[in-house]
Amino acid sequence: MVNWGSGANNPKFKRRRERLVETLADKGIEDPRVLEAFSIVPRHIFVDTALQDRAYKDTALPIGKEQTISQPFTVASQTELLEVKPGEKVLEIGTGSGYQASILCELGAEVYTVERHKKLYEKARSTLKELGYSVRAKLGDGTLGWSAYAPYDAIVVTAGAPVVPDDLVEQLAINGRLVVPVGDEKRQEMIRIIKIRKDEYEEEHYSDFKFVPLIGKKGWQK
Ligand code: SAM
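Structure follows, in structure tokens:
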């Protein structure tokens, strides 16, 4: 699916991607489709040239505007919890670099993504286009979701929320999964909410992570 122009296909980075996938598997990522997506998406294209040598370390990296491209293990953990099947409609809150959106594309999802920073939104759109990923992107407050295209089979929030944003729960389809880190500024617990049937939900709690804050009407205030 990926368009392998513009340095994306550098063999040096391909070998590093393979090692990153081994690291993710060692750390407990089991879903072979998720691991396969990580072996394909060229993470080095989503960061500044000066940071490309660090792109396949399992660490978060700066992308400007005091934001980060999340640590690959974090992206993989959230993606695994989403249990995306090909053709499903997935909403991401916090486009950032566009990397997570590309992973979702590689899983065959129809991807929608919202970012609040104009610069990041524009940069991510151009990176995704350059790589040939077809993603519907919006500039705005993702704590309100994206009601125009709801309901979604899966929603992932890639910034730390103070509480589960209720608009996102409302925009889930039946059997839909919402994966959202919730906590204070220091640590957030990963929560998965599954909409079992109309007005009936299951809530599961996973490990702690550290995210940049989700800022918006139903998130942290600026
Ligand atoms: N998913 C991104 C990636 O793959 O590069 C990384 C996301 S970064 C950890 C979190 C992003 O959430 C930041 O780009 C930040 O600007 C964005 N964000 C924070 N609050 C938001 C909101 N209310 N709506 C949309 N985006 C938001």
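Heads up, the sequence shown is in UniProt numbering, so the first residue is 1 and it goes up one at a time. Using N, Cα and C, we set each Cβ at its ideal position, and we do this for glycine too.
Check	Outcome
Measure the beta-carbon distance from V75 to Q100 and round it to whole angstroms, keeping in mind my assumption that it falls under 8 Å.	5 Å
How many whole angstroms separate the CB atoms of D53 and F73, which I take to be in contact at a CB cut-off of 8 Å?	In fact, because the Cβ distance is near 19 Å, the residues do not count as touching under 8 Å.
Under 8 Å, do L104 and V114 count as touching if we go by C-beta distance?	no
Indicate whether the contact test is met: 3 or more Cβ pairs, each with one atom in the region 91-100 and one in the region 119-137, closer than 8 Å.	yes
Around the C-beta of P86, are 16 or more other C-beta atoms found within 10 angstroms, so that it is buried, or is it exposed?	exposed
List in chain order: all unbroken beta strand (DSSP E) runs of 3+ residues lying wholly within the region 57-132.	61-64, 67-69, 89-93 and 110-115
Judging by CA-CA distance, which residue of V164, A161 and L168 is the nearest neighbour of S147?	L168
Less than 8 Å between the beta carbons of R125 and G142, yes or no?	no
For S70, is the classification buried or exposed, using 16 other Cβ atoms within 10 angstroms of its Cβ as the cut-off for buried?	buried
With distance defined between alpha-carbon atoms, name the residue in P181, I215, R197 and D153 nearest to E209.	The residue you asked about is not Glu; residue 209 is Phe in the sequence shown. Answer by Cα proximity: P181.
Is there at least one non-hydrogen atom of the ligand SAM closer than 7 Å to the beta-carbon of H117?	yes
Considering E203, what are the terminal residues of the beta strand (DSSP E) in which it resides?	E200 to F209
Are the beta-carbon atoms belonging to V2 and P42 less than 8 Å from one another?	yes
If I measure Cβ to Cβ from L61 and keep anything under 8 Å in the same chain, skipping five residues before and after, which residues do I get?	V47, L51, R54, A55, T68 and I69
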